[in-house]
Amino acid sequence: MIVEIRRTEDMNSIYLDGLKYYTDTACKPTIIDHQAIFKLSLTNFYQCGVTRIIQKSNNLTVFYHRIIMEIGENSKQILQVKCIHPGNHTIIKRNVLPAGFQEPIDLDITQSFTEVAPQPKLQVGVRQAGKLVSGELNVNPGTPLEMEIYLDKVSAPVYGLLVSYMQVSDTKNQEETIIFNGCSVDPYLFENFNTVDGDFLKAKFRAFKFPDSTYVQFKGTVNVCLDKCRGVECSNGQMGYGRKKREVSEMPPDPNKVFEVSITSFIKVDYKGDKLLDKVKLDLGADPLQNLESSNGTGTVREVDERKENVKVEEEEQIREDLVYTLIDNRNSSPQLYSYHNLLIILTMIITLIINRQ
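Here full-length UniProt numbering is used: position 133 in the sequence shown is 133, and no number is missing along the way.
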């Protein structure tokens, strides 16, 4: 899919939605004169987060993405681009009329209704501490997050959702399955998707990362059904919309399923700030001369570990100095305290001797 956009002088930046800082050059536009050109693969549509929708009745396939254009200081424009691949449009005639039925020659048609169901548009969002994160998400490993998958306002009253499959990848070669046949493979890492009204799904999880990449890519397959999708009973007794209680090779077909949507979401997970020393601990099992970024620049694990020990020694010396200074200062600031205390003891002893003699 090739998208050409005229780039004006007041346009500061142009990028794919959610991928402003993503490093893959295939997802960035090529600037030629005053034109920005995106070339998005529809074969490997997961690469740059292109959404694919397949209409199950005729295999009509639609690919779409959103392009963000930053204009001026605080203005943004969103452009949705779409590519349609026609499917197999066939009409099946069924004989459902009773035997001997005859249609009248003259028909009196008083009213005519034509309605077309909307094409669903899915949105994927991630919340951190209850707040929806816009743009690229950058978090530390272990951060509690919540993923939301929901329909647009037009199609939400018509359809329901179910996440049948989801996989995580490092955007390169490593990948793991986290949702299979509608249920979570490891609920501790990624919980089952739950819903209240059928058109809004959410699942809690903790941020995690792969060793050789700071990006985690979520690839999901979502069933879109008329009204509401049938939930799946998972091994922990919960209804998953997102392991079945009885292991099967595939999910049973849902007669209400009308669309199958493939979605993609990216999260940047990296160590930052105070988490740097935790990264050193995790990396000690690897090459001790492995390079990593620190707040002072780039160093080796050994160098960072030495800096850690030096800081610890300096802190202990400072604590001892502060303690000595405090004791000396307290003694010097109240020299009469010890004189009064000794005098009181002597008086007490004299009074005790006088009472005993009497």
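Using N, Cα and C, we set each Cβ at its ideal position, and we do this for glycine too.
Status (buried if at least 16 other CB within 10 Å, exposed otherwise) for Arg6: With fewer than 16 other Cβ atoms inside 10 Å of its own Cβ, Arg6 counts as exposed.
Among Ala36, Tyr165, Asn140, which residue has its Cα nearest to the Cα of Ile67? Ala36
Could you have a look at Ile354 and say whether DSSP puts it in helix, strand or coil? helix
Which first and last residues belong to the beta strand (DSSP E) in which Arg127 is found? Counting along the chain, the unbroken beta strand (DSSP E) around Arg127 starts and ends at 122-128.
Alpha carbons only, please: which of Phe190, Ile346, Ser57 is nearest the one belonging to Asn88? Ser57
Rounded to a whole number of angstroms, what is the C-alpha to C-alpha distance between Val163 and Glu233? 13 Å
Contained beta strand (DSSP E) runs [length at least 3] in the region 11-98, N- to C-terminal order: As far as the region 11-98 is concerned, its whole beta strand (DSSP E) runs of at least 3 residues are 11-16, 30-32, 35-39, 51-55, 60-71, 75-85.
Should Phe101 go down as buried or exposed, given a rule of 16 or more other Cβ atoms within 10 Å for buried? exposed
If you compare alpha carbons, which of Glu148, Cys27, Asp33 is closest to residue 386? Nothing about residue 386 can be reported from this structure: the residues present for the chain run from 1 to 358 only.
In whole angstroms, give me the CA-to-CA distance for Ile32 and Gly130. The straight-line gap from Cα to Cα measures roughly 42 Å.
Apply the 10 Å Cβ neighbour rule to Asn44 and answer buried if 16 or more other Cβ atoms are within range, or exposed otherwise. exposed
Beta-carbon within less than 6 Å of Ser169's beta-carbon, same chain only, minus the 5 sequence neighbours each way: which residues are those? Glu175, Gln217
Inspect the beta-carbon positions of Ile149 and Leu161 and report whether they are closer than 8 Å. yes
Spell out the partners DSSP gives Gln174 in its beta bridges. BP columns for Gln174 are empty, so no partner.
Across which residues does DSSP place Pro144 in a beta bridge pair? Arg206
Across the region 249-269 and the region 208-228, are there enough close Cβ pairs to call them in contact, namely three or more that are closer than 8 Å? Verdict: yes, contact present.
Nearest-angstrom Cα distance between Ser41 and Thr8? 26 Å
Same chain, Cβ closer than 7 Å to Arg230, neighbours up to 5 away in sequence not counted: Asp254
Here's a check: name, in chain order, each residue in its chain whose Cβ is nearer than 6 Å to the Cβ of Gln167, leaving out the five neighbours to either side. Taken in chain order, the residues that qualify are Glu175, Thr177, Lys219.
Using a threshold of 8 Å, state whether the C-beta atoms of Val258 and Gln123 are closer than that. no
Secondary structure of Ile109, DSSP reduced to three states: coil
Could you have a look at Met349 and say whether DSSP puts it in helix, strand or coil? helix
Hey, would you say Ala203 sits closer than 8 Å to Val158, going by beta carbons? no
According to DSSP, is Glu4 part of a helix, a strand, or is it coil? strand
Note down the Cα distance separating Asp10 from Glu73, rounded to an integer number of angstroms. 9 Å
Using three-state DSSP, classify Lys245 as helix, strand or coil. Confidence is the limiting factor: at Lys245 the pLDDT is only 36, short of 50, which leaves the residue's position unreliable, though a coordinate-based value still follows. Here Lys245 sits in coil by DSSP.
Would the beta-carbon of Asn256 fall within 8 Å of that of Ala207? no
Straight-line gap, Val62 to Ile105 (C-alpha atoms, nearest Å): 42 Å
Where Phe210 falls, given that 16 or more other Cβ within 10 Å makes a residue buried: buried
Limits of the beta strand (DSSP E) - the one that Val154 falls within: No beta strand (DSSP E) contains Val154, which DSSP labels as neither H nor E.
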